[in-house]
Amino acid sequence: MSSTANIWAIGDVQGCCQSLNDLLAQPEIAGDPQAHFWFAGDLVNRGPDSLATLNRVIALGERCTAILGNHDLHLLGVAAGIKKPGKSDTFTDILNAPNADELIDWLRYRPLAHYAQGHLMVHAGVLPKWDVDKTLSLAAEIETALRSPNWKANLKKMYGNDPAHWSDDFSRNKRFRVIINALTRMRMCNVHGHMDFTYKHAPVADERLMPWFDVPGRVILNDDVTIIFGHWSTLGLLVRPDAVCLDTGCIWGGQLTAMRLRDHKLVQVNCEQQQKPFEL
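Read in order, the letters of the sequence shown correspond to residues 1 to 280 in full-length UniProt numbering.
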């Protein structure tokens, strides 16, 4: 990718292919044929067109970097026979596609973190003790495991809520769970940076919990880096120098949002898709 090419970071699509097409057709984006796109994870599930969305993103080729979100990992788990489809899952069109194996392989080769031009993208968050290099290195451990011939067995070991904090001394399975949970599931933490998976709503003043990006002592603040993430539709659009949330609830009838990295210009399209009841 050219260092001068514009990069547009895009929030959670979740199978809303028409909204993605509408977003990419906006003049600021469509008028720049050299633009590249970062997708913040959760390409699939809950929306009406998971297969079409995946094909649309794949068709972008080298112009696209798509990281894995928790819904993408859930699809991999179902495809691997580790998890059963939930009643709200909408990715059977991928599993039933003639080239399903190719699509699953493409997905499991996606990164969990990506960095360029002073911006680090993850799906959910970054633990306070991790800097950019450590985040990328830990993400690479999961990426290697998912790209292995034994990826199904490796993925099976990554499920669970414990441990809820990071230690460099953790062994393989504990490491995998913490890395996966931080990068793809985290929202709230306590003051010590321990993850809490029960709270999924908009953050409120709470002496016990706070958003992961407000935990004191975050190492990454010293690196002058902006972390871009999705995953948190109840938080919605957040743009500040150190943290940008681009999950604006497309699947819930909100908007699909893109942000240009060089100047943080926003482009949004309204989404007609609405799934009820509200679920995260």
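Using N, Cα and C, we set each Cβ at its ideal position, and we do this for glycine too.
Mapping the DSSP letters down to three states, classify residue i as helix, strand or coil.
| i | result |
| --- | --- |
| residue 127 | coil |
| residue 224 | coil |
| residue 250 | coil |
| residue 214 | helix |
| residue 176 | helix |
| residue 196 | strand |
| residue 9 | strand |
| residue 16 | coil |
| residue 78 | helix |
| residue 191 | coil |
| residue 181 | helix |
| residue 21 | helix |
Compute the Euclidean distance between the alpha carbons of residue i and residue j, then round it to the nearest angstrom.
| i | j | result |
| --- | --- | --- |
| residue 30 | residue 24 | 6 Å |
| residue 237 | residue 144 | 32 Å |
| residue 119 | residue 257 | 17 Å |
| residue 198 | residue 212 | 14 Å |
| residue 158 | residue 165 | 15 Å |
| residue 98 | residue 209 | 46 Å |
| residue 132 | residue 100 | 34 Å |
| residue 33 | residue 172 | 43 Å |
| residue 167 | residue 26 | 44 Å |
| residue 11 | residue 264 | 14 Å |
| residue 66 | residue 239 | 20 Å |
| residue 142 | residue 206 | 33 Å |
| residue 260 | residue 84 | 37 Å |
| residue 277 | residue 136 | Summary for residue 277: the model assigns pLDDT 37, below 50, so the residue's position carries little reliability; its value from the coordinates is reported in the next sentence. For residue 277 and residue 136, the distance between alpha carbons rounds to 36 Å. |
| residue 86 | residue 195 | 24 Å |
Leaving aside the five residues before and after residue i along the sequence, list all residues of the same chain whose C-beta is less than 7 Å from its C-beta, in chain order.
| i | result |
| --- | --- |
| residue 45 | 14, 15, 71, 74, 75, 89, 90, 91 |
| residue 221 | 242 |
| residue 271 | 16, 19, 250, 253, 254, 255, 256 |
| residue 54 | 43, 44, 94, 103 |
With a threshold of 8 Å on Cβ separation, who are the neighbours of residue i within its own chain once the five nearest residues in sequence on each side are excluded?
| i | result |
| --- | --- |
| residue 201 | 234 |
| residue 35 | 5, 6, 7, 8, 29, 63 |
| residue 155 | 73, 76, 77, 80, 82, 145, 146 |
| residue 163 | 170, 174, 177, 178 |
| residue 279 | With a pLDDT of 41 at residue 279, under the threshold of 50, the modelled position of this residue cannot be trusted, and the question is left open. |
Output needed for residue i: all residues of its chain with C-beta closer than 6 Å, excluding positions within five of it in sequence on either side, in chain order.
| i | result |
| --- | --- |
| residue 68 | 41, 110, 112 |
| residue 161 | 197 |
| residue 191 | none |
| residue 268 | 255, 257 |
Quick one: any contact between the segment 178-185 and the segment 112-129, if contact means 3 or more CB pairs under 8 Å?
-> Output reads yes: the segment 112-129 touches the segment 178-185.
Take every Cβ of the segment 124-131, pair it with every Cβ of the segment 80-93, and state whether three or more of those distances are shorter than 8 Å.
-> Touching, no, given that fewer than three Cβ pairs across the two stretches are closer than 8 Å.
Taking one C-beta from the segment 148-156 and one from the segment 235-249 each time, how about it: are there three or more such pairs within less than 8 Å?
-> These segments do not touch.
Alpha helix (DSSP H) runs contained entirely in the segment 112-166, provided each spans 4 or more residues | Runs found: 132-146, 151-156.
Please list the segments of the beta strand (DSSP E) lying wholly inside the segment 26-69, counting only runs of 3 or more residues, in order along the chain.
-> Correct list: 36-39, 64-66.
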